[in-house]
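Engineer: Numbering (the numbering used here), first residue to last: 488 to 832.
(1) For the segment 528–583, which segments carrying the alpha helix (DSSP H) assignment without a break, of at least 4 residues, lie completely within its bounds, in sequence order?
(2) Got a sec? Which residues, its chain only, sit under 7 Å from residue 759 by beta carbon, not counting five neighbours each side?
(3) Could you pull the start and end residues of the beta strand (DSSP E) that residue 783 belongs to?
(4) Give the DSSP bridge partners of residue 612, in chain order.
(5) My assumption, with CB atoms under 8 Å, is that residue 592 sits in contact with residue 618. Please give the rounded CB distance.
(6) Which value, in whole angstroms, describes the spacing of the CA atoms of residue 734 and residue 708?
(7) Please report the distance separating the alpha-carbon of residue 813 from that of residue 778.
(8) In chain order, what residues of the same chain lie with their CB nearer than 6 Å to the CB of residue 584, ignoring the 5 residues before and after it?
(9) Determine which residues share a DSSP beta bridge with residue 701 and list them.
(10) In three-state terms, what does DSSP make of residue 754?
(11) Mind checking residue 507: buried by the 16 CB within 10 Å criterion, or exposed?
(12) Could you spell out where the alpha helix (DSSP H) holding residue 813 opens and where it closes?
(13) Indicate whether residue 746 and residue 695 have their beta-carbon atoms separated by less than 8 Å.
(14) Would you mind sorting residue 720 into buried or exposed? The rule is 16 or more other CB atoms within 10 Å of its CB.
(15) So, residue 642 versus residue 546, is the Cβ gap smaller than 8 Å?
(16) With DSSP as the reference, please indicate the residues paired to residue 696 in a beta bridge.
(17) If I measure Cβ to Cβ from residue 499 and keep anything under 6 Å in the same chain, skipping five residues before and after, which residues do I get?
(18) For residue 680, report the span of its alpha helix (DSSP H) as first-last.
(19) Under three-state DSSP, which class holds residue 828?
(20) Secondary structure at residue 760, three-state DSSP: helix, strand or coil?
(21) By the three-class DSSP mapping on this structure, what secondary structure does residue 488 have?
(22) Apart from the five residues on each side of it in sequence, which residues of its chain come closer than 7 Å, Cβ to Cβ, to residue 684?
(23) Determine the extent of the alpha helix (DSSP H) in which residue 744 is found, giving its start and end residues.
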């Protein structure tokens, strides 16, 4: 039986929510958001914000983390990420608060929205609907409510294109108004889905827990890949960042001994890394291999934005294929759902 035929049967049996189609539609999600929101005006005029505070949880925070990391060299003010119930004490009238919940029902973000209104902070809301959209309408605050046409799975972590594009557009209309950066709308037309390379990778690491390592402009990709592996592939996959991990992780991993055969170390690498990071990738990989771990190096071509977008496609497909190889439905999150039900009582 050919591997393609086997994969087709796995998709038919375990992907009833069309997660694969959602991953393949990443570029369409971005393009759809641009059509919906790029002509939208925000009521801030020429206001000069001193910082941006982004509030989002889990899959709803991935797109903003991606944009913040990839476009970091061109950001004139800092972006502070909040994954909690409360806004930071420094938030004031010169802060732009961006609240994001794919479902519009995330209790932490609803709490942050209420705080933003109580403290009269300028804000923008990003959501597909729910209570968050209703609250934004009642408060007459800017609302980017997207219609997730190209995310038939309904999973926030697979709808990253909508969330990243909406966040990017909000920044373009407020703080990211000039600079020689590559526009997201231009990037998506140049990127091909990384399905075939991701499937080959999934076959190599099937059955192992993974450590994802990223650096520089691929830091967010390491975070996103880890999230998707844990949630979609049901594969334990923490992520660490260079150069920070070199100051502690090597000793901890070295103590695993007999468990080493159950782990694989995955480096998100790039020819665009600065020389010191390139050297650390090579040297750190050598140490892990000397400790007895299998290692894998994943790299992409193009500009930094193009590489990061390719890595995003790769991670989505790799986690999807790992779920199928384990005969698991990538859309189901039984333990997360169990926890939510318990918290509701």
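No residue lacks a Cβ here, since even glycine has one placed at the ideal position from N, Cα and C. Owing to the predicted nature of the structure, the values given are computational and were not obtained by experimental measurement.
Structural biologist: Straight from the coordinates:
(1) 549–557
(2) The sequence position of residue 759 within the chain shown is 272, counting from 1. Taken in chain order, the residues that qualify are 791 and 794.
(3) As a first step, residue 783 must be located in the chain shown, where it is residue number 296. Unbroken beta strand (DSSP E) run through residue 783: 781–786.
(4) Within the chain shown, numbered from 1, the residue matching residue 612 stands at position 125. Looking at the DSSP assignment, residue 612 forms a beta bridge with 586 and 630.
(5) Indexing the chain shown from 1 puts residue 592 at position 105. Indexing the chain shown from 1 puts residue 618 at position 131. Rounded, the Cβ-Cβ distance is 6 Å, consistent with contact.
(6) The residue given as residue 734 occupies position 247 in the chain shown. The residue given as residue 708 occupies position 221 in the chain shown. Residue 734 and residue 708: Cα-Cα distance of roughly 21 Å.
(7) On the chain shown, residue 813 is found 326 positions in, with the first residue counted as 1. On the chain shown, residue 778 is found 291 positions in, with the first residue counted as 1. One C-alpha to the other measures close to 27 Å.
(8) Residue numbering aside, residue 584 sits at position 97 when the chain shown is read from its first letter. Excluding sequence neighbours, residue 584 sits near 540, 603, 608 and 610.
(9) The residue labelled residue 701 in the question sits at position 214 within the chain shown. Residue 701 pairs with 728.
(10) Within the chain shown, the letter at position 267 stands for residue 754. In this structure, residue 754 counts as strand in the three-state DSSP scheme.
(11) Position 20 of the chain shown, counted from the start, is the residue given in the question as residue 507. Residue 507 comes out buried.
(12) Position 326 of the chain shown, counted from the first residue, corresponds to residue 813. Where residue 813 is concerned, there is no enclosing alpha helix (DSSP H), given that its DSSP letter is neither H nor E.
(13) Sequence index remark: in the chain shown, residue 746 carries index 259 (1-based). Sequence index remark: in the chain shown, residue 695 carries index 208 (1-based). For residue 746 and residue 695, no; Cβs fall outside 8 Å.
(14) On the chain shown, residue 720 is found 233 positions in, with the first residue counted as 1. Residue 720 comes out buried.
(15) The residue labelled residue 642 in the question sits at position 155 within the chain shown. The residue labelled residue 546 in the question sits at position 59 within the chain shown. Closer than 8 Å, so yes.
(16) As a first step, residue 696 is located in the chain shown; it is residue number 209 there, counting from the start. DSSP lists 750 as partners of residue 696.
(17) By one-based count along the chain shown, residue 499 stands at place 12. So no residue of the chain qualifies.
(18) Locating residue 680 in the chain shown gives position 193, counting from the first residue. Careful: residue 680 lies outside any alpha helix (DSSP H) and carries neither H nor E.
(19) Taking the chain shown and counting its residues from 1, one reaches residue 828 at position 341. In this structure, residue 828 counts as helix in the three-state DSSP scheme.
(20) Reading the chain shown from its first residue, position 273 is the one you call residue 760. Here residue 760 sits in coil by DSSP.
(21) Working through the chain shown from its first residue, we reach residue 488 at position 1. Because the pLDDT at residue 488 is just 40, under 50, the model does not fix this residue reliably, and the point stays unresolved.
(22) As a position in the chain shown, residue 684 is number 197, starting the count at 1. The answer, listed in chain order, is 801.
(23) The residue given as residue 744 occupies position 257 in the chain shown. Note, residue 744: premise wrong, no alpha helix (DSSP H); not H, not E.
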